[in-house]
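Peer 1:
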Amino acid sequence: MSTNKTKRYSTFAVIFYINKNKVKKNGLCPIMGRISVNAEIAQFSAKIDVEPTLWDAKTYRLKGKSREAVQTNRELDKLTDVIGKYHSELLQQQSYVTAELVKNMLLGIGRKKDSLLSLFAEHNEEYAQKVGVNRTKGTYKHYLLVYSHIQQFLQSQYNMEDIPLKQLTYSFIEQFDFYLRVEKHHSPNTIGGYTILLKKIIHRAVNQGTLLRDPFADYRPEQPPKKCRHMTADELERFMTTPIASKSLRHTRDMFVFSTFTGISYIDLCNLSLSNVNKAGNGTMWIHFKRQKTGSECHIRLLDIPKQIIEKYKSERKSDKIFNMVGYSSLAENLKKVAKLCGIERNITYHMARHNFGTLITLSQDVPLETVSRMMGHLGIKTTQLYAKLTNQKINEDMKLLSSNMADKFNIYENKQMPIKVCTAKSFKHLKK
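One rule links them: number in the numbering used here = place in the sequence shown (from 1) + 156.
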């Protein structure tokens, strides 16, 4: 007994026609396209208008060899080729292809971007819509800047307008790093920030399936040794106690000290209003708000010093904002003047106040990591752990305490025949205390 096996073929065709039901005021008719795949059809506009008397319904093209006919027919031929390529791409990617899928590819609906700058542009368009909702304008500008740098890099180094994602290799980001460092003279920190944003676009390509793996996974930008990002206790004391005659400089100092004892960043301090300050049932004062940078919640119990600063400027309020803040550039300039008056030689930035809170005010005073993380509004504990790196001063203080606790508990005898005194369980228990 024999079995007849029939092979199933996929049919595909593209034809064009004019829509005589939609004649425009100038007498022209729009050309429509029809994609056919296995008896299923999908229609689309070719976005070309023609004189209906010139249309040949048998050849699906314009009649004659006029300039208009030749140009229009050439455009329709190109469109047919493009649709055919999309159909072939879909057949390679999946077993089942419909006319609607081919049409969507043509219109760009659901089509995955397969080049670096096109994917980057798509990301930036989506990001722009989120600005003011859960994304900041500042970060959006950084993405635009990185896009521009990559565009210039491709033109100068590769003589290309764009590059396919699948052509990206580890050497690409190495060369981009060199370009930013040598030709653009950017600092290591700036280069690190730019390449982080570039890698986010690559992760997007991996997530959408265009790339199987991140070609830049092993890349680590060269970074100089990090300097201490917080004040020493001596510097903070001088900063807070040095007499200052200028009212504007005193205001700058007070804002910096407020952020030092609360961990609130400059932009969040600008946004801080009376509604963010609450008094708990036990009489303690709290500040609750969402960080503009990340949208994460911050819950900070106010210490005496920030409470005094709030009270100090209460009579000067012009709105529901807690403080009348000056622009960041003016604040930064005033901060340098205050530091100079206080005999602090190194550069003091306003963000250093947040680091002061994370180190001097909290972690070095044995406030638990989880508590500090919640007050500072960190999205993860790993960020807070960066603040927990011990300073030499803290190590010295801890070793002094250990030395005091161990006094007379260990002895080394010169007489080798004499027994060595060992630490008993009771001694260890005392040490733990």
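Just so it is clear, CB atoms sit at the ideal spot from N, CA and C, and this is done for glycine as well.
What residue from G419, D460, R530 has the CA that sits closest to R510's CA?
Peer 2: Locating residue 510 in the sequence shown gives position 354, counting from the first residue. The option with the nearest alpha carbon to R510 is G419.
Peer 1: Should R457 be labelled buried (16 or more other beta-carbon atoms within 10 Å of its own) or exposed?
Peer 2: Position 301 of the sequence shown holds residue 457. Burial call: exposed.
Peer 1: Would you mind stating whether D410 and I478 have Cβ atoms separated by less than 8 angstroms?
Peer 2: In the sequence shown, the residue the question calls residue 410 occupies position 254. In the sequence shown, the residue the question calls residue 478 occupies position 322. Not in contact: D410 and I478 (Cβ atoms no closer than 8 angstroms).
Peer 1: Short check: CB of L246 to CB of V238, under 8 angstroms?
Peer 2: Counted from its first residue, the sequence shown places residue 246 at position 90. Counted from its first residue, the sequence shown places residue 238 at position 82. Not closer than 8 angstroms, so no.
Peer 1: Using the C-alpha atoms, what's the distance from E526 back to M316?
Peer 2: Reading the sequence shown from its first residue, position 160 is the one you call residue 316. Reading the sequence shown from its first residue, position 370 is the one you call residue 526. M316 and E526: Cα-Cα distance of roughly 49 angstroms.
Peer 1: From K538 to L519, what distance separates their C-alpha atoms?
Peer 2: The sequence position of residue 538 within the sequence shown is 382, counting from 1. The sequence position of residue 519 within the sequence shown is 363, counting from 1. Rounded to the nearest angstrom, the two C-alpha atoms are 14 angstroms apart.
Peer 1: Taking only the alpha-carbon atoms, compute the straight-line gap between N362 and R385 and give it to the nearest angstrom.
Peer 2: Here residue 362 is taken as the residue at index 206 of the sequence shown, counted from 1. Here residue 385 is taken as the residue at index 229 of the sequence shown, counted from 1. According to the sequence as given, residue 362 is Val; it is not Asn. Distance between the alpha carbons of V362 and R385 is about 35 angstroms.
Peer 1: Hey, out of Y296, Y299, I329, W211, whose CA is closest to L310's CA?
Peer 2: Here residue 310 corresponds to residue number 154 of the sequence shown, with the count starting at 1. Among Y296, Y299, I329, W211, the Cα nearest to that of L310 belongs to I329.
Peer 1: Whose C-alpha, out of P399, M261, K340, E453, is nearest the C-alpha of L497?
Peer 2: In the sequence shown, the residue the question calls residue 497 occupies position 341. For the residues P399, M261, K340, E453, the minimum Cα distance to L497 belongs to P399.
Peer 1: Looking at the secondary structure, which residues open and close the beta strand (DSSP E) in which V206 lies?
Peer 2: Reading the sequence shown from its first residue, position 50 is the one you call residue 206. Where V206 is concerned, the enclosing beta strand (DSSP E) stretches over 196 to 206.
Peer 1: In chain order, what are the residue ranges of uninterrupted alpha helix (DSSP H) at least 4 long that sit wholly in the region 376 to 435?
Peer 2: Here the runs fully enclosed are 389 to 397, 403 to 416, 422 to 427.
Peer 1: Answer yes or no: the CB of W211 versus the heavy atoms of the ligand ZN, is any distance below 7 angstroms?
Peer 2: What this structure holds is no ligand at all, so the ligand ZN is not there to describe.
Peer 1: Using alpha carbons as the reference points, say which of K234, L368, R190 lies closest to L257.
Peer 2: Here residue 257 refers to the residue found at position 101 of the sequence shown. Answer by Cα proximity: R190.
Peer 1: What residues match up with R230 in a beta bridge as DSSP calls it?
Peer 2: Here residue 230 is taken as the residue at index 74 of the sequence shown, counted from 1. DSSP output for R230 lists no bridge partner at all.
Peer 1: Below 8 angstroms CB to CB, which residues in the same chain sit around L405 once its five sequence neighbours on both sides are set aside?
Peer 2: Here residue 405 corresponds to residue number 249 of the sequence shown, with the count starting at 1. N490, K493, V494, L497, listed in sequence order.
Peer 1: Need the endpoints of the alpha helix (DSSP H) that H305 sits in, please.
Peer 2: Residue mapping note: residue 305 aligns to position 149 of the sequence shown, counting from 1. Element bounds for H305: 293 to 309.
Peer 1: Indicate the three-state DSSP secondary structure (helix, strand or coil) for I329 in the structure shown.
Peer 2: Position 173 of the sequence shown holds residue 329. Correct three-state label for I329: helix.
Peer 1: Select from L354, T366, Y314 the residue whose C-alpha is nearest the C-alpha of L300.
Peer 2: As a position in the sequence shown, residue 300 is number 144, starting the count at 1. Comparing Cα-Cα distances from L300 to each of L354, T366, Y314, the minimum goes to L354.
Peer 1: On the DSSP bridge assignment, give the partners of R190 in chain order.
Peer 2: For the purposes of this step, residue 190 is identified with residue 34 of the sequence shown, where counting begins at 1. I171, Q199, per the DSSP bridge assignment.
Peer 1: Less than 8 angstroms between the C-beta atoms of G454 and M531, yes or no?
Peer 2: Within the sequence shown, numbered from 1, the residue matching residue 454 stands at position 298. Within the sequence shown, numbered from 1, the residue matching residue 531 stands at position 375. A quick correction: the sequence has Cys, not Gly, at residue 454. Cβ atoms of C454 and M531: closer than 8 angstroms.
Peer 1: Leaving out five residues on either side along the sequence, give the residues of the same chain with a beta carbon under 7 angstroms from the beta carbon of R337.
Peer 2: Within the sequence shown, residue 337 is the residue found at index 181, counting from 1. Result list for R337: I347, in chain order.
Peer 1: Going by alpha carbons, who is nearest to I504 out of D522, V413, Y469?
Peer 2: The sequence position of residue 504 within the sequence shown is 348, counting from 1. Selected option, being the one with the closest Cα: V413.
Peer 1: Output the distance between the C-alpha atoms of T167 and N177, rounded to the nearest integer angstrom.
Peer 2: Here residue 167 corresponds to residue number 11 of the sequence shown, with the count starting at 1. Here residue 177 corresponds to residue number 21 of the sequence shown, with the count starting at 1. Each residue's Cα considered, the two are about 29 angstroms apart.
Peer 1: Here's the rule: buried if 16 or more other CB atoms are within 10 angstroms of the residue's CB, otherwise exposed. What is T325?
Peer 2: On the sequence shown, position 169 is the one that residue 325 refers to. T325 comes out exposed.
Peer 1: My understanding is that L321 touches D270, with C-beta atoms under 8 angstroms, so please give their C-beta distance in whole angstroms.
Peer 2: Here residue 321 is taken as the residue at index 165 of the sequence shown, counted from 1. Here residue 270 is taken as the residue at index 114 of the sequence shown, counted from 1. Indeed they touch by this definition, with Cβ atoms about 6 angstroms apart.
Peer 1: Per the DSSP calculation, I443 is bridged to which residue(s)?
Peer 2: By 1-based counting over the sequence shown, the position of residue 443 is 287. V433, I456, per the DSSP bridge assignment.
Peer 1: List the residues that DSSP assigns as beta-bridge partners of S312.
Peer 2: Residue mapping note: residue 312 aligns to position 156 of the sequence shown, counting from 1. Per DSSP, none; premise fails for S312.
Peer 1: Taking all protein chains shown into account, do 16 or more other C-beta atoms lie within 10 angstroms of the C-beta of T351, making it buried, or fewer, making it exposed?
Peer 2: One-based indexing of the sequence shown puts residue 351 at position 195. Label assigned to T351: buried.
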